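160 is the number of the first residue of the sequence shown in my numbering; add one for each residue after it. All C-beta atoms, glycine included, are put in the ideal place defined by N, C-alpha and C. Treat the numbers as computed from the prediction; the structure is a model and nothing was measured. Written out below as structure tokens is the structure these notes cover.
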Amino acid sequence: MEPLRVSVRRASDLAPREGVEVLWDVIEGAGVTLGQRSSRTDSAGMASTAIVLGAQRGRYRVRARAREAAADFELWAVDEPVVDSVPGRARPGDTLRIAGRNFSPVLGHDLVELGGVRAEVVRATSTAITLRVPPCLPAGLALLRVSLGSQISAPRLVQIEPGATPAPFPVGAAVVLDAGVPGPGSCLRLPAGSYLLVLGATTGVSGARYSATMRALGGVPLTDAGAPGPDAGAIDRDATDREAQAAWDAELRAREARWIATPGPAGAVGVPPVGRAVGAAPPRVGDRREFNVLAPGGGFRRVSAVARRVTARAAFYEDVEAPAGQLTDEDYARFGASFDDPIAPTVTRIFGEPSDLDGNERVIVLFTPAVNLLTERESSDGFIGGFFYGLDLLPDRANSNRGEVFYALVPDPAGRFGDPRSRALVRSTVPTILAHELMHMVHFSERVVARGAAAGEATWLSEALAAMAEDRVGDAYESRGELEAAAAFQSGNRKRARLFVEKPGATSVLTAAGTATLPERGASWLFLRYLAEQYGGDDLLRSLTQTTRTGLANVASASERDWARLLLEWGTAVYDGEEAGLAEGSDRRNRYPAFRPRQMLGVAGQRYALRPAELDARGSAMEVDLLAGAIAHALVATDGPVTVGVGASIGSSGLAQGAVLLRIVRLH
160 MEPLRVSVRR
170 ASDLAPREGV
180 EVLWDVIEGA
190 GVTLGQRSSR
200 TDSAGMASTA
210 IVLGAQRGRY
220 RVRARAREAA
230 ADFELWAVDE
240 PVVDSVPGRA
250 RPGDTLRIAG
260 RNFSPVLGHD
270 LVELGGVRAE
280 VVRATSTAIT
290 LRVPPCLPAG
300 LALLRVSLGS
310 QISAPRLVQI
320 EPGATPAPFP
330 VGAAVVLDAG
340 VPGPGSCLRL
350 PAGSYLLVLG
360 ATTGVSGARY
370 SATMRALGGV
380 PLTDAGAPGP
390 DAGAIDRDAT
400 DREAQAAWDA
410 ELRAREARWI
420 ATPGPAGAVG
430 VPPVGRAVGA
440 APPRVGDRRE
450 FNVLAPGGGF
460 RRVSAVARRV
470 TARAAFYEDV
480 EAPAGQLTDE
490 DYARFGASFD
500 DPIAPTVTRI
510 FGEPSDLDGN
520 ERVIVLFTPA
530 VNLLTERESS
540 DGFIGGFFYG
550 LDLLPDRANS
560 NRGEVFYALV
570 PDPAGRFGDP
580 RSRALVRSTV
590 PTILAHELMH
600 MVHFSERVVA
610 RGAAAGEATW
620 LSEALAAMAE
630 DRVGDAYESR
640 GELEAAAAFQ
650 SGNRKRARLF
660 VEKPGATSVL
670 TAAGTATLPE
680 RGASWLFLRY
690 LAEQYGGDDL
700 LRSLTQTTRT
710 GLANVASASE
720 RDWARLLLEW
730 GTAVYDGEEA
740 GLAEGSDRRN
750 RYPAFRPRQM
760 LGVAGQRYAL
770 RPAELDARGS
780 AMEVDLLAGA
790 IAHALVATDG
800 PVTVGVGASI
810 GSSGLAQGAV
820 LLRIVRLH
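Okay, structure coming up:
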């Protein structure tokens, strides 16, 4: 038996809680063996225990407790169901009675599959089941099986007579089926044509997994499906693809969430704050001051720095311990010019304003080898280039710098503070980092400082908003004809998105664990870009930022759309086909209004990396394992009517209604 699993989340923002002890108790049933009676949650907030039921048939109950919360599991020990007799013939929509043994009298326990499609059980006793034949079934012999969990009966044959002609389904039309409901809600008989299937795990429980099966039955396959193009090449990874940076960003957002949730001063423990007083004059070149900077292991170190450049919007400081003679006055002038225009004006116009707790009317950018030290030597996951930490905007906390501060790495060609980092690397990466981290600063200012939010934003949405800030700055450069500068801000998101479209079913828009992977970051950026293009542009991005709402509730409020439908419609747009059903004049939700994934995420001369499976219309099934917030694609093409369905796999415990949905769009 698969283990029992629970998800532990913070009530305020549904963020996963790592390291929480979960206690497991048997509250009904004798002879149960639990793998462990105490377990701790992982980075995705999940905890589990194995279980072996006792010898007695019937119901067992297990309770999981985590602090003041509890969840109960109901399990049943059953015998293999036996089907003794079935009617030889039936029509779609008929009521059918089967006789046998070891059925469950509890509606919902018996899963009856007929022709690969789950039938609706109308009545059940221990010896008889009355069901409704799915209206979508094609004519022909159909296997009937009954399952109770993993116990499956031997199959019986039923001859299905021809049913009604499929209803018209025009090119561009779409319908949604639910894998968690039997009968007509989970299958449909469709007319001849080509169809795109988009399967989505539409719950908001990040890290949870769901298995479902897509089926095609009773169709006539097209004789020429077309020749595939060359495979997509490997995705290049460079300095913009930094797992280390992604992990560090996620860790900082998690720390900020803990600070926000902890009321009152942190006390006198640690290094005292060193920020300037409110109303202080702007810094001047040559000014010296001290900062508290995060150190490896979670502590802080005090560093001394000198102001190298002061502009209208920023003050650039350099740690006195930085390798001498690396960043020149020209470099700092270049950083200042790009920050003052277009980075800061673009980000603040769209998302909001940073606070000004220290009264200097500027943000501070501190170049310090303390950032270099955060990356382990010889790391294969890239490096940490810079960050913003919300603690600096909580002035009553120990170690706060009481002001708006960014931290950036320094050139270190000799490798004194970690692996060698060149001046060219710092010059090329810092501007993009400034745009990304300015969005995090604005987000914290608008959410926590201005509105007093009691919880941080969901990691996936926080990072998607910061990625959109990079995108918008790139757009600003592009509008000026500065295409090389634009590419520097846009290429990272697109490379991460290409990693996602290579294997969308294995990647969730929602962060599955505490750290967002590169494909997950690509997925969340693609999703938010779609959301902005469809539902309000910059106004939507501003609404998502200037609020205390969190995660999917924030998305639903800003877009005024249901999350499940958004996920499926976005999945359709990611396919980005040229078929008539997705062209101009069809449902606008089927595509990005401006962004073209096939063009902008493709590689010249190669196929688009998103390659849906092709279902054989005569009869085929594809079982898919999805994380919550993930999508999968399939295509089916037929010269005659075809049945398309989705459901839990026979022998499984089934799926809850609404957990996994299938959107079908007619392409031709």
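- In the DSSP assignment, Glu239 falls outside any alpha helix (DSSP H), carrying neither H nor E.
- With the rule of 3 Cβ pairs closer than 8 Å, the region 596–607 does not count as touching the region 641–659.
- DSSP links Tyr694 through a beta bridge to no other residue.
- Under the criterion of beta carbons closer than 8 Å, Ala787 and Leu669 qualify as touching, at roughly 6 Å.
- Judged by beta-carbon spacing, Glu233 lies beyond the 8 Å limit of Arg256, meaning their Cβ atoms are not closer than that value.
- In the same chain as Leu182, and ignoring 5 residues on each side of it, the C-beta atoms closer than 6 Å to its own belong to Ser197, Arg224, in chain order.
- Classified as exposed, Thr192 has fewer than 16 neighbouring CB atoms from the shown chains inside 10 Å of its CB.
- In terms of Cβ geometry, Ala818 and Thr361 form a close pair [threshold 8 Å].
- Residue range 368–376 is occupied by the beta strand (DSSP E) that includes Arg368.
- The DSSP-derived three-state label of Thr254 is strand.
- Between Gly204 and Ser166, the C-beta gap is smaller than 8 Å, which places the two residues in contact.
- DSSP, reduced to helix, strand and coil, places Tyr476 within a strand of the structure shown.
- Closest by C-alpha distance to Val632, out of Ala712, Asp499, Leu532, is Asp499.
- DSSP places Val181 inside the beta strand (DSSP E), whose first and last residues are 180–187.
- DSSP places Phe648 inside the alpha helix (DSSP H), whose first and last residues are 642–661.
- Unbroken alpha helix (DSSP H) runs of no fewer than 4 residues, entirely contained in the region 591–638, are found at 618–638, following chain order.
- Look at Phe526 here: in three-state DSSP terms it is strand.
- In the DSSP annotation of this structure, the continuous segment of the alpha helix (DSSP H) that includes Tyr734 starts and ends at 722–734.
- Sequence-distant Cβ neighbours of Val211 in its own chain, meaning closer than 6 Å and more than five residues away, are Thr192.
- If you check the CB distance, Thr289 and Arg260 do not come in under 8 Å.
- Contact annotation, Ser718 with Arg708: C-beta distance approximately 12 Å; criterion of less than 8 Å not satisfied.
- The three-state reading of DSSP puts Val191 in coil, since its state is none of H, G, I, E or B.
- Note on geometry: alpha-carbon atoms of Phe475 and Asp488 lie some 11 Å from one another.
- Here Val607 is buried, its C-beta having at least 16 other C-beta atoms within 10 Å.
- Considering only Tyr566, Ala420, Ala646, Thr507, the residue with the shortest C-alpha distance to Leu533 is Tyr566.
- In this structure, Pro590 and Ala647 form a Cβ contact; the two beta carbons are roughly 7 Å apart against a cut-off of 8 Å.
- Counting along the chain, Tyr491 sits inside the alpha helix (DSSP H) bounded by residues 488–497.
- Fewer than three pairs of CB atoms, one per stretch, sit closer than 8 Å, so the region 638–645 makes no contact with the region 727–737.
- Around the beta-carbon of His595, 16 or more other beta-carbon atoms lie within 10 Å, marking it buried.
- Assignment of beta-bridge partners to Ser306 by DSSP yields Leu270, Ile311.
- For Val714, the enclosing alpha helix (DSSP H) has its first and last residue at 710–718.
- In this structure, DSSP gives Arg260 an extended state, which the three-state scheme calls strand.
- Taking C-beta atoms as the reference points, Arg374 and Asp784 fail to come closer than 8 Å.
- Only buried fits Glu679, as 16 or more other CB atoms lie within 10 angstroms of its CB.
- In terms of Cβ geometry, Glu402 and Gly544 do not form a close pair [threshold 8 Å].
- In this structure, the CA atom of Trp235 is about 11 Å from the CA atom of Val221.
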